[in-house]
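Note sheet for the following structure.
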Amino acid sequence: MVIVSWKALANVFKRSYKFFCIVFLLIGFAGGILVPLAPGIISADSSSLSTFSGPFTVKVFGYNTHFRSAKSSLQGWITNEGKQPVNTCATSVNVIDDTHLELSFPPVAPLNDPLFGLTVYNDADGRLYMNSAIATTDTVRGGIVPACNPVVKNEKQDHFAFPFRYILYESMRNLFFHVPMWFTMIALLSWAVVNNLRFLRGFDMKYDRMANNAITTGIIFGLLGLITGSLWARVTWRAWWVDDVKLNGTAITMLSYLAYLVLRNSMEDEQKRARISAIYSIFAYVMMIVLIGVLPRLQGTDSLHPGNGGNPAFSSYDLDNSLRVFFYPAVAGWVLLGVWIYSVRYRMSNLKENLAAAEVKSRIA
Amino acid sequence: MNLGRQTAALFKREILNEQRQKYALYGMLLYVVSTVFVAKFSFRVIKDVPAWNALFWIILLFAAATGIARSFAQETRGRMLYLYSIADPRAVLLAKLLYNCLLMCFLGFTGLAFYTFLVGFPVGNTGFFLAALFLGCITLASAFTMISAIASKAGNNFTLMAILGFPVVLPVMLAAIRLSKHAADGFGWSGGAAYFGVLLAMNIVVTGLAYLLFPYLWRD
Amino acid sequence: MKNAVQKKNILSAFAVLLSLAAAAQPNKPGIDEELFRSLHGNGSMNVVLTVIGIILAGLFLTLFRMDRKLSKLEKEIKEKKS
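Protein chains in written order, with the working numbering: chain G, 1329 to 1693; chain W, 282 to 501; chain L, 151 to 232.
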């Protein structure tokens, strides 16, 4: 049995966390910016609203694709989904450049669903699929369906890449920058509550300083998370502010912690101030847990954020493995950076406290 | 049980106090009624159920903020000191809490009566709606009681009460609005149970926190 | 006299604000729409860069404020010693 004392563990952490912070942040930044995005289809425009009235062409706009360089193995087909998906292959493929392509199709009548999925395949990019890419206004059902069986050699392209998601595209990388802000905020606020409780146990002002600095640092990260989130929302959801439980929850949490600052500044006496703000902080923390931890789960489909369903851009994606490799280090790095900033602030407040104490002493003497 | 007996005595004292200064209670009632009138004259009749429901809860929120802010603020410092010297602080809190729950329920139900009379009552499942109202009122009351105690310790002004209280009370409001809308839409226990549970859990958590933390708050 | 001038200034400022608000209507392609398009550039990579920029700016602002606080503290300690 090895007994590791809490203090020894804390010491090891104190000595090494800055190093780990830098290493993890570097991993997060390098991976988050440099790893390429997997190829995918951004848009597909059909030349006609009907798929049955005559042959039609589809203009395909790809991202990070190799249409020209892997021209020999290029195939395209549309799939009418149903109980038994039926593929219809393009009769001719006209490559414009690496990311642009024109596919010509024979007349097709859908079996049942008026929507077709589009697949473009080549050996370099693998199978690229776009959901409901083509819609038809035809009312004819179950007509002529020229079926075919395309040959697929590589399901996926073989280099390491982040998954391609419609609408998100490269902005998926915000996962390594925007999301860790929240983790950092929650970590710092949790640390603050721990210290609030420790303060109430023995009324040691040291814990009050710890809690207060953790909260101010947490607020900084929370505000950064809100601003960056708002910007990201503008791009993916087309609005600065979407009515989302998680977003509203965090905004309200910020309000309650700003109220904490007001409360703290409204009192002069230090002991009293520490005590009352500790009580309010515990209260606000518990409510925050309810607000961002419990209520969003109840609503399910209302949230646009991952883990709650309802959003096409996210629902299919539970952190992909390639994202995970960099996501965890990035979160750890940002949280440690938060801890670093907090510790500098805490030590500064200690210095200030010592100065004030020395002054009181000299005045008495 | 000592705590129970003290709480009962202090609760009686709260009621006596209220009887002695009836104008305060009437004032609050008048406040609710006049806000309902304002709602009436700005909307005439509200047919939209979510709007009707949300407006009612907003009226209740402000009634709670103004009504419960008084509960600690009205006590003079000397009277508070006297209370603490003869009674357990937790008994003081519990008495205030009970009294505020009663007050809030009274305001809620009379407010609902006026609101129904003037604006309308487009509720599908009345029984469940009343249960939601009851639960929402006591949860609001218990959250505001603690906030009122904090605000009264820190300078004691209404602005502080609002700043501190609204963000903390918002989860309660959200759950209460959702629950009562669910009832107003005519749905019953199935489906509403989750919100009912959350509201109940919040009530327990808030009351528990207040019970545990209040002794630290009162000592000067 | 001075009051009247002030009033005029306030009024004109108000007018400017109003016209700005009118320009920012969502149905007209205004500044907002342009920003949206530019953020979408490079396959939405511009958002990521902006987000990183905002975070770094925020952290540097924090650093700057802490630095100023620390200088003040240092000055106080120096005064104490002398």
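The beta carbon of each residue, even a glycine, is placed where N, CA and C say it ideally should be.
Element boundaries [alpha helix (DSSP H), containing residue i]
i	result
residue 356/W	No alpha helix (DSSP H) holds residue 356/W; DSSP gives it neither H nor E.
residue 1372/G	Careful: residue 1372/G lies outside any alpha helix (DSSP H), inside the beta strand (DSSP E) at 1368-1374.
residue 1432/G	Premise fails: residue 1432/G lies in the beta strand (DSSP E), 1428-1433, not in any alpha helix (DSSP H).
residue 472/W	470-499
residue 1407/G	Segment 1403-1408 is the beta strand (DSSP E) holding residue 1407/G; no alpha helix (DSSP H) there.
residue 1663/G	1649-1692
residue 1594/G	No alpha helix (DSSP H) holds residue 1594/G; DSSP gives it neither H nor E.
residue 1535/G	1533-1564
residue 1380/G	No alpha helix (DSSP H) contains residue 1380/G, which DSSP labels as neither H nor E.
residue 286/W	283-301
Where residue i falls, given that 16 or more other Cβ within 10 Å makes a residue buried
i	result
residue 1335/G	exposed
residue 1487/G	exposed
residue 1657/G	buried
residue 1447/G	buried
residue 152/L	For residue 152/L, the predicted model reports a pLDDT of 45, less than 50, meaning its position is unreliable and no value from the coordinates is stated.
residue 1533/G	exposed
residue 326/W	exposed
residue 345/W	buried
residue 1501/G	buried
residue 1497/G	buried
residue 1510/G	buried
residue 1578/G	buried
residue 425/W	buried
residue 416/W	buried
residue 1566/G	exposed
residue 1422/G	exposed
residue 1485/G	buried
residue 422/W	buried
DSSP state of residue i mapped onto helix, strand, coil
i	result
residue 217/L	helix
residue 429/W	helix
residue 1510/G	helix
residue 200/L	helix
residue 1342/G	helix
residue 560/W	With chain W covering 282 to 501 only, the question about residue 560/W has no answer from this structure.
residue 1440/G	coil
residue 1490/G	strand
residue 1414/G	strand
residue 448/W	helix
residue 1624/G	helix
residue 205/L	helix
residue 1618/G	helix
residue 1475/G	coil
residue 1495/G	coil
residue 338/W	helix
residue 467/W	coil
residue 228/L	helix
residue 350/W	helix
residue 1397/G	coil
residue 1505/G	coil
Sequence-distant residues of the same chain with beta carbon closer than 6 Å to residue i, five excluded per side
i	result
residue 1515/G	1663
residue 1443/G	1460 and 1463
residue 1373/G	1387
residue 418/W	385, 386 and 389
residue 379/W	292
residue 1433/G	1384 and 1418
residue 330/W	403 and 465
Run of the beta strand (DSSP E) containing residue i, from where it starts to where it stops
i	result
residue 1458/G	1454-1463
residue 436/W	Neither: residue 436/W is in no beta strand (DSSP E) and is coded neither H nor E.
residue 401/W	That residue, residue 401/W, is in no beta strand (DSSP E); it is neither H nor E in DSSP.
residue 1448/G	1443-1450
Close-in-space but distant-in-sequence residues of the same chain around residue i (CB under 8 Å, 5 per side omitted)
i	result
residue 1582/G	1547, 1550, 1551 and 1554
residue 459/W	476
Residues that DSSP places opposite residue i in a beta bridge
i	result
residue 1391/G	1368/G
residue 1421/G	1431/G
residue 1386/G	1374/G and 1431/G
residue 328/W	Answer is none; residue 328/W lacks a bridge partner.
residue 1484/G	1454/G
Residues near residue i by beta carbon distance below 7 Å, same chain, minus five either side
i	result
residue 1612/G	1584, 1585 and 1588
residue 1659/G	1508 and 1511
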